[in-house]
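Q:
Protein chains: 2
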Amino acid sequence: MTRKGQASRERILMTAKKLVMQKGFAGTSIDDILENGGFSKGAFFHHFKSKAELAEELVRWHSAQDLAMFRTLAAQVEARRDDPLDQMMLFLKLFEDYISNSEDPSPGCMYAVYTYESMQFAPEVRDFVSDTLRDWTAIYVRKFHEILDTYTPVRPVTARQLAEMIVSIIEGALVLQRAYGNVEIAARQSEQFRSYLELLFRPEPAPVE
Amino acid sequence: MTRKGQASRERILMTAKKLVMQKGFAGTSIDDILENGGFSKGAFFHHFKSKAELAEELVRWHSAQDLAMFRTLAAQVEARRDDPLDQMMLFLKLFEDYISNSEDPSPGCMYAVYTYESMQFAPEVRDFVSDTLRDWTAIYVRKFHEILDTYTPVRPVTARQLAEMIVSIIEGALVLQRAYGNVEIAARQSEQFRSYLELLFRPEPAPVE
DNA sequence: AGAAAAACCGACTGAATGGTTTGTAAAAGG
DNA sequence: CCTTTTACAAACCATTCAGTCGGTTTTTCT
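As structure tokens, this is what we get:
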């Protein structure tokens with residue numbers, strides 16, 4: 000694949016991503032993508048043999064970017080803090096900055112789009128999406144294990160429960176954000192989750208009555 | 000509209016709901032609905048003048064059912080508890096029972112489907128969905144106001160933040176539930192939220208070191 | 001420079017889709 | 001009982017859709 004070929008392919012993926020996030024996968028036709036990006040039919044089918052293949056390449060491409068961003072944040076955090084709880088708190092704060100400042104016109108999670116349209120996709124694509132979500136959760140699970148090795152929570156809780164909680168909160172907040180056209184919900188909810196972690200792991204003495 | 004007519008209309012809506020929750024709105028063709036429910040084209044277009052009208056009637060119909068269920072739970076709760084925090088806790092528990100025992104093959108939230116495919120719908124439909132989500136949140140906001148009038152939280156928090164938190168958690172948990180094919184996540188996450196409320200409003204004395 | 005391969009163009013095709021129309025059976029109303 | 005309206009049936013239509021194909025341009029390799 001030539002350099003120019005790669006570039007075109009990426010431009011198609013970028014356009015497809017934009018439209019799929021706006022209108023869903025079934026709601027986005029190939030002609031839509033072509034018109035919006037200024038490509039031709041021939042160009043598209045030179046790079047992707049079918050719409051189904053685009054679907055697969057699109058999530059894989061997106062998840063690679065996503066993971067890279069995630070790792071960048073995680074690395075920053077681990078360089079700046081030693082304590083696992085401090086790391087988690089800083090990570091969440093950085094995430095809040097990131098999501099508040101991304102001027103994405105149609106916010107949302109691509110995995111959620113794929114999940115709610117799962118019947119459109121081949122089983123392997125569905126599996127890829129759920130595996131990716133599982134990987135995402137697993138990274139949090141590991142970090143919460145570290146935290147639970149160091150701290151004793153005020154109430155019994157498992158690493159898995161906390162990991163699924165932050166993922167759920169973010170996924171749900173993105174739905175609300177999109178429905179309301181309000182870009183601050185995800186950050187505010189991440190903040191609430193931090194508050195929960197504080198109470199669980201760093202309780203203050205009960206206030207005197 | 001005759002009784003039989005009403006019944007047919009409802010059967011179409013039921014079939015449409017099932018398919019839309021499985022495959023998304025754009026991914027569900029009218030022919031799909033007809034085939035799946037055993038209707039004819041004539042029947043469909045007798046009851047709905049277009050697919051767009053079906054979209055609108057479908058959310059409105061669904062939200063009416065949804066709200067009725069919500070009110071039933073709320074009424075049960077208010078009959079059994081006086082304290083607003085107790086009411087909230089019981090409500091969440093009843094919700095957990097409800098969602099764990101509903102044998103829905105393709106779980107998820109219809110508002111999330113509409114939100115992620117929002118470009119498919121007329122502005123009035125989009126507004127209806129966001130208004131419905133706002134109503135939903137507003138009911139929680141009111142209850143949390145009552146709670147905050149009675150209890151002092153350990154950490155500063157607003158009724159709106161808590162209301163958006165439970166809605167986000169449930170929305171997000173439904174995404175994960177669907178992705179993983181695991182029907183217990185929403186209930187488990189609701190439980191975590193209860194745990195947060197306990198820590199906020201009914202803190203135990205800090206453990207002695 | 002010249003051959004070979006990759007990248008691209010756009011007219012075309014068949015199937016699917018949303019929607020229309022014409023006709024008919026069954027209720028409802030007087 | 002007879003008329004009018006409602007409820008449905010299904011053939012039909014125009015458009016859109018995913019995908020094909022034959023041909024041209026551009027890039028790469030030697």
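Chain order of the listed sequences is X and Z.
Position one of the first sequence corresponds to residue 0 (numbering that gives the first Met the number 0), numbered consecutively onward.
Position one of the second sequence corresponds to residue 0 (numbering that gives the first Met the number 0), numbered consecutively onward.
Even for Gly, the Cβ is constructed at its ideal location relative to N, Cα and C.
Here the structure is a predicted model, which is why all the values come from computation and not from measurement.
Which full runs of the alpha helix (DSSP H) of 4+ residues lie inside the region 39 to 125 of chain X, going along the chain?
A: 40 to 46, 50 to 79, 83 to 100 and 109 to 115
Q: Look at the alpha carbon of residue 114 of chain Z and the alpha carbon of residue 88 of chain X, and state the distance between them as a whole number of angstroms.
A: 30 Å
Q: Quick one: list the residues of chain X neighbouring residue 146 of chain Z, beta-carbon separation under 7 Å, in chain order.
A: Ordered by position in chain X, no residue passes the 7 Å Cβ test against residue 146 of chain Z, which lies about 15 Å from the chain.
Q: Is the beta carbon of residue 168 of chain X less than 8 Å from the beta carbon of residue 146 of chain Z?
A: The answer is no: Cβ separation not under 8 Å.
Q: Report yes if the CB atom of residue 25 of chain Z is closer than 8 Å to the CB atom of residue 116 of chain Z, and no otherwise.
A: yes
Q: Give me the Cβ distance between residue 84 of chain X and residue 200 of chain X, rounded to the nearest whole Å; I'm assuming they're in contact under 8 Å.
A: 6 Å
Q: Given a cut-off of 8 Å, decide if residue 136 of chain Z and residue 182 of chain Z are closer than it, judged by their beta-carbon atoms.
A: no
Q: Give me the Cα-Cα distance between residue 118 of chain X and residue 185 of chain Z, rounded to the nearest whole angstrom.
A: In a straight line, the C-alpha of residue 118 of chain X is about 22 Å away from that of residue 185 of chain Z.
Q: State whether the region 142 to 156 of chain X contacts the region 51 to 69 of chain Z, with contact taken as three or more CB pairs (one from each stretch) at a distance under 8 Å.
A: As far as the Cβ criterion goes, the region 142 to 156 of chain X does not touch the region 51 to 69 of chain Z, which means the pair count is below three.
Q: Check the Cβ-Cβ distances between residue 195 of chain Z and every residue of chain X, and say whether any is below 8 Å.
A: With a threshold of 8 Å between beta carbons, residue 195 of chain Z makes contact with chain X.
Q: Reducing DSSP to helix, strand and coil, say where residue 34 of chain X ends up.
A: helix
Q: Quick check: is the beta carbon of residue 118 of chain Z nearer than 8 Å to any beta carbon in chain X?
A: Output row for residue 118 of chain Z: interface = yes.
Q: How long is the line joining the alpha carbons of residue 80 of chain Z and residue 90 of chain Z, rounded to whole angstroms?
A: Spanning the two alpha carbons is a distance of roughly 10 Å.
Q: Under 8 Å Cβ to Cβ from residue 19 of chain X, same chain only, skipping five residues before and after it: list those, please.
A: 27, 57, 109 and 112
Q: Within 8 Å (strictly less), CB to CB, does residue 112 of chain Z reach chain X?
A: yes
Q: Please state the DSSP three-state secondary structure of residue 185 of chain Z.
A: In the structure shown, residue 185 of chain Z falls within a helical segment according to DSSP collapsed to helix, strand and coil.
Q: Excluding five sequence neighbours on each side, which residues of the same chain lie with their C-beta closer than 8 Å to the C-beta of residue 203 of chain X?
A: none
Q: Using a 10 Å radius around the Cβ and a threshold of 16 neighbouring Cβ atoms, would you call residue 177 of chain Z buried or exposed?
A: In this structure residue 177 of chain Z is buried. Its beta-carbon is surrounded by 16 or more other beta-carbon atoms within 10 angstroms.
Q: Assuming residue 53 of chain X and residue 15 of chain X are in contact, meaning their beta carbons sit under 8 Å apart, how far apart are those beta carbons, in whole angstroms?
A: Taking C-beta atoms under 8 Å as the contact rule, residue 53 of chain X and residue 15 of chain X qualify, at a distance of about 6 Å.
Q: Looking at chain Z, is there any beta carbon in it that lies within less than 8 Å of the beta carbon of residue 198 of chain X?
A: yes
Q: Out of Z/49, Z/104, Z/93 and Z/11, state which residue places its alpha-carbon closest to the alpha-carbon of residue 121 of chain Z.
A: When only C-alpha atoms are compared, the closest one is Z/49.
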